[in-house]
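Residue numbers (mature numbering (1 follows the signal peptide of the UniProt record, and there is no 0)): -24 to -1, 1 to 229.
Okay, so here's the structure we're looking at.
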Amino acid sequence: MKQIRELVMLLLLVLCSKLTATSAGSMPIRKWKPEDSYCLSWRLGVETNSVRAWRIVPNQCLRYVESYMMLGQYERDIDLIIDQVMDYVNHDVVLSNDGFDAWILDVDDTCLSNLFYYQGKRFGGDPYDPKGFKEWALKGVCPAIPAVLRLYNKLIEGGFKVFLVTGRSEATLGQTTLDNLHNQGFLAYERLILRSDEYKGMSGIAYKSEIRKKLVGEGYRIWGNVGDQWSDLQGEYIGNRTFKLPNPMYFVP
């Protein structure tokens, strides 16, 4: 009888081991590919402003960037950064309540998302298309980026004067951008500043530096500055703190 029990136990162990091996074998494990390693490093270089003046996403990184933008990591990264902004606002900023405590937000891919447009451009795999982007922007259907809208409402409720500063053309996209922002819940800001003919042809860094210089000249204290491009955050009068949102789809000098 003892031998029979031992034999039954042995058979059960063999059966369990086979079932475990079958279950493990049926679960596809994605192998780490060399291009994944390169693309992760490339995106790190982009976000740290070490890789500059790039025109398109490298061909071997198209699937990587698509996965990053569409499968949740992009949103999680934005949430983390906005949480850092909130922590700064809650603990490090002391408002003067004189009406001159300012905050600057970029618009494209900061307040409003162009992800649907860039989906049709292979997430940055195609060169920048000014005509195509203008046609997209004129539709006025860019959705708000939820975490940034949450920050925006916090800033407004807290008494900041919020300035929305964008490189979009004032002449061609002014009213559409205003309507799009309002429709997505960006209300009660101090001023929407678009690129006028006065700044036509200037780099993003030079243009936004001039705008910030004027605001400081008007007496505003820039407590914070949020954008998805380094050109939003570099130059003069950048503010007390800057916060860079991720964007591996395009580069604005």
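Here a beta-carbon is modelled for each residue, glycine too, at the ideal position from N, C-alpha and C.
Residue(s) in a DSSP beta bridge with residue i
i	result
L78	In the sequence on display, residue 78 carries Ala and not Leu. Answer by DSSP bridge pairing, in chain order: K137, I198.
D68	DSSP output for D68 lists no bridge partner at all.
S145	R171
D208	DSSP output for D208 lists no bridge partner at all.
L88	D84, A120
Same chain only: Cβ atoms within 7 angstroms of residue i, ignoring 5 sequence neighbours per side
i	result
N129	none
P34	W18
Residue i: CB within 7 angstroms of a non-hydrogen atom of the ligand GTP
i	result
L16	The ligand GTP is absent from the structure shown, which contains no ligand whatsoever.
Cβ-based burial, residue i [other Cβ within 10 Å; buried from 16]
i	result
residue 234	Since the first and last residues shown for the chain are -24 and 229, residue 234 lies out of range.
S72	exposed
A113	buried
N201	buried
Residues near residue i in its chain [Cβ-Cβ closer than 6 angstroms; skip 5 each side]
i	result
W30	F227
G75	none
8 angstroms CB neighbourhood of residue i in its chain, flanking five on each side removed
i	result
A(-4)	Caution is warranted here: a pLDDT of 39 is assigned to A(-4), below 50, making its placement in the model unreliable, and the coordinate value is therefore given only provisionally. None.
Residue i, DSSP secondary structure in three states
i	result
K(-7)	With a pLDDT of only 40 at K(-7), under 50, the local geometry of the prediction cannot be trusted, and no value is derived from it.
T218	strand
G203	strand
A164	coil
V41	helix
K97	coil
D155	helix
### Query
Between the segment 51 to 67 and the segment 97 to 114, do three or more beta carbon pairs fall short of 8 angstroms?
Result no; under three Cβ-Cβ pairs closer than 8 angstroms.
### Query
Can at least three beta-carbon pairs, one atom from the segment 78 to 95 and one from the segment 131 to 142, be found at a separation below 8 angstroms?
Yes, the segment 78 to 95 is in contact with the segment 131 to 142.
### Message
Can you confirm whether the segment 114 to 126 touches the segment 185 to 197 when touching is taken to mean that 3 or more C-beta pairs between the two stretches lie within less than 8 angstroms?
### Response
Taking a cut-off of 8 angstroms for Cβ pairs, the segment 185 to 197 and the segment 114 to 126 do not touch, as fewer than three such pairs fall below it.
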